[in-house]
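J.: Residue numbers (this note's numbering), protein chains in the order written: chain A, -5 to 401; chain B, -5 to 401. Glycine residues also receive a C-beta, built at the ideal position from the N, C-alpha and C atoms. Owing to the predicted nature of the structure, the values given are computational and were not obtained by experimental measurement.
(1) Can you tell me whether residue 25 of chain B is helix, strand or coil according to DSSP?
(2) With 16 other CB atoms within 10 Å as the buried threshold, where does residue 188 of chain A fall?
(3) What are the uninterrupted segments assigned as alpha helix (DSSP H) that are 4 or more residues long and contained completely in the region 10 to 72 of chain A, given in chain order?
(4) Tell me the DSSP secondary structure of residue 392 of chain B in three-state form.
(5) Around the Cβ of residue 153 of chain A, are there at least 16 other Cβ atoms within 10 angstroms (buried) or fewer (exposed)?
(6) Looking at the C-beta of residue 117 of chain B, does it have a partner C-beta in chain A at a distance below 8 Å?
(7) Rounded to the nearest angstrom, what separates residue 198 of chain A and residue 332 of chain B at their Cα positions?
(8) Please work out which residues of its chain come closer than 6 Å, Cβ to Cβ, to residue 349 of chain B, disregarding the five sequence neighbours upstream and downstream, and give them in chain order.
(9) Sorted by chain position, which residues of the same chain lie with C-beta nearer than 6 Å to residue 113 of chain A's C-beta, five sequence neighbours on each side aside?
(10) Taking 8 Å as the threshold (C-beta atoms), are residue 129 of chain B and residue 29 of chain B in contact?
(11) Do residue 145 of chain B and residue 171 of chain B count as a contact pair if the criterion is CB distance below 8 Å?
(12) Hey, is residue 364 of chain B's beta-carbon within less than 8 Å of any beta-carbon in chain A?
(13) For residue 279 of chain A, which residues does DSSP report across the bridge?
(14) Quick one: using the 10 Å Cβ neighbour count with 16 as the cut-off for buried, is residue 1 of chain B buried or exposed?
(15) Tell me where the alpha helix (DSSP H) around residue 143 of chain B begins and ends.
(16) Check whether the Cβ atoms of residue 384 of chain A and residue 257 of chain A lie closer than 8 Å to each other.
(17) Identify the residues that DSSP records as bridge partners of residue 215 of chain B: which are they?
(18) Determine the burial state of residue 35 of chain A: buried for a count of at least 16 other Cβ atoms within 10 Å of its Cβ, exposed for fewer.
(19) Hey, out of B:389, B:277, B:293 and B:356, whose CA is closest to residue 283 of chain B's CA?
(20) Across the region 135 to 144 of chain B and the region 228 to 245 of chain B, are there enough close Cβ pairs to call them in contact, namely three or more that are closer than 8 Å?
(21) Is the beta carbon of residue 138 of chain A less than 8 Å from the beta carbon of residue 6 of chain A?
(22) What are the residues of the region 297 to 315 of chain A that lie near chain B, defined by any Cβ-Cβ distance shorter than 9 Å?
(23) For a test of the three-state rule: what should DSSP assign to residue 166 of chain B, helix, strand or coil?
(24) According to a CB-to-CB cut-off of less than 9 Å, which residues of the region 147 to 174 of chain B neighbour chain A?
(25) Which whole-angstrom value describes the C-beta separation of residue 38 of chain A and residue 231 of chain A, a residue pair presumed to lie in contact below a C-beta threshold of 8 Å?
(26) Just checking: is the beta-carbon of residue 49 of chain B within a distance shorter than 8 Å of some beta-carbon in chain A?
(27) Which residues in the same chain have their Cβ closer than 6 Å to the Cβ of residue 394 of chain B, if we skip the five residues on either side of it in sequence?
(28) Consult DSSP for residue 117 of chain B and reduce its assignment to one of helix, strand or coil.
(29) Any Cβ of chain B within less than 8 Å of the Cβ of residue 389 of chain A?
(30) Going straight from the alpha carbon of residue 266 of chain B to that of residue 131 of chain B, what length do you get?
(31) Under 8 Å, Cβ to Cβ, is there at least one residue of chain B near residue 44 of chain A?
(32) Are there 16 or more other CB atoms within 10 angstroms of the CB of residue 23 of chain A, so buried, or fewer, so exposed?
(33) Tell me, please, whether the CB atom of residue 68 of chain A is closer than 8 Å to any CB atom in chain B?
(34) Using a Cβ-Cβ cut-off of 8 Å (strictly less than) and excluding sequence neighbours within five positions of residue 4 of chain A, which residues of its own chain qualify?
(35) Checking 8 Å against the spacing of the C-beta atoms, do residue 200 of chain A and residue 40 of chain A come in under that value?
(36) If the cut-off is 7 Å on Cβ atoms, which residues from the region 7 to 20 of chain B count as contacting chain A, listed in chain order?
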């Protein structure tokens, strides 16, 4: 039996890391922090997953290059400007790394760089340069919250989490900050997430663990079906927990991966809950699938459906839309064997058995769906595989936020 | 040089066809027609394309069976209830054919049946039975408008079009009615469309022409990314134009297919314009693609993006979202060679060259995007293939309509 606890401290909770976030002037609004820094005391093993969008932000290109050897010491990230689709984007991203490295006394190649915001507008490095001394000065074990705020765009809540557990007899910690509220879609590392840990683990094993954990968390998340150009999830491991270094897929590796998944699923849920304009978290759990690929495909199709999302907004038990989305998911399933129910803290209501409607109380269904966290439970009766996907409702505010984002 | 003219008469314009639409009582609102009939004077060659959703409405299953031999004499369609995901759906769909056939003095197997509306609610055949004599009595050459109204759900405008042209020295006509406003997504026959023609053409050639015309029209249309369970486009050919029957892929076949495409593209545009909650038609034209598959994939990805759709609603020239959607389309393209412009009756504004932003007047861009018909023009500079996709903006009213559809 593995035990773990969520603790405060976010991305600076693990031994060896500090964080900070300040307003440097990329954004005009002085009350909004716009530059974040995460710093490690030592050179860390590092790994990352990136957007699969062909239009790839310049910071992603630069970070890929810097992480080629699986090492890093810091993360710098601005919000407000994505630094994507700019002719001088690479130069600017390299410039951010140089400014950061100089201030920290490290090499530019040891810096992970990220940007998030409007695509196609030029990034001015002057605020980064002028704000960097203050940012470095702010670095502390208590700085995660400010860093989390500095990477937010349309997010309404900062996302920072940390998890502690015992591995190889040592107390270990994984922490993270993330941002992401729109332009989020499964099967990519669909947002920004910066993770730190004090577990000792080799870069190749770190990459494997991250890829596996992302498959169950961020890749099962969709807000609006749009895959961002600047998404990345990266992890730095300081080794300061002093466990025996994980260098193969042994029991410690399995435990670490499980803990990392637990943390990232928590983050994915919070990102879905804070989806642009969302009023509720919608989780689709598919069980009884013939294999996990099928379970994932069906779960993602349901939470991606605009019609399911609007029905959830309206607290309307329109289960036909759930079946419809299952039917076009692209998975081989027998819909005539499928059962569907809706569940929430207010109860559970069965609405469909063997692919056909059954009588249910509309009033009770309404009560269930008026809650802020809804489970759409799909049982395929075709095997033992299961998966969960994380989404949100589609609301007036999503349209409002995105009809007028740049102005 | 081929000439053709749009004429009145809709689905009853071609020689040999009459149509009608009445309120029979499937819907409670007595002012809304809910049952449509299209009748042919003779047994017609017929063809159809169907939804690829695994959850397939009972009427689709029954129509596939009835059209197995490529012959039909009538189309019956109700709105209000989809007759999908009901245990007795097949029986009810067959029942609708029997009631129709009896009233027309034809065989039930000669009837094409369709239903559109809420999924998973039982279809009561009593109103169909009691309304059928009146419906048959109403059949006329002027009945297309009523038939078009009777198949509407959330559509705000009836869709009926007819086209006349000369083929083999004979005056020929193709006409259609269609419905579709939500749950519409490319790569399927994504709505209901009933087409009639007096051209003499064999069933296999009719199927080929329909499939080709749908590829350029309905399969390039998306309202909301949800593929309906009940979609179908079918065509009946009476042969009464007395042209030499088309039995091979000759020049007459090419001309007929071109005319059919012209009609269906016109309908696809009107369906997109009348998308649920839409305030404007958005057309994405991709040119300079290395092949047509690439052009279609990129064009569809752009018009499907929720972020592009909300930007169009807000008249916001946020071209970065266009590039983003091109990048995740799944096609092999070089985004660094791509140009993008927005155009409308108010003018044209170039916003992106070689994958990077260029200076443009935001004020002029706003004027262009405030129009009711927007063209997003993407030039890939990688070949000679092109494609157009048809969509609409995403608005508050889409959310309103779908948050509360069943009540």
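T.: Quick answer:
(1) coil
(2) buried
(3) 52 to 60
(4) helix
(5) buried
(6) no
(7) 36 Å
(8) 329, 330 and 332
(9) 76, 78 and 79
(10) yes
(11) yes
(12) no
(13) A:371 and A:382
(14) exposed
(15) 138 to 144
(16) no
(17) B:384
(18) exposed
(19) B:293
(20) no
(21) yes
(22) 298, 299, 300, 301, 302, 303, 304, 305, 306, 307, 308, 309, 310, 311, 312, 313, 314 and 315
(23) strand
(24) none
(25) 5 Å
(26) yes
(27) none
(28) coil
(29) yes
(30) 33 Å
(31) no
(32) exposed
(33) no
(34) 13, 138, 139, 141, 142, 154, 155, 156, 169, 170 and 171
(35) yes
(36) none
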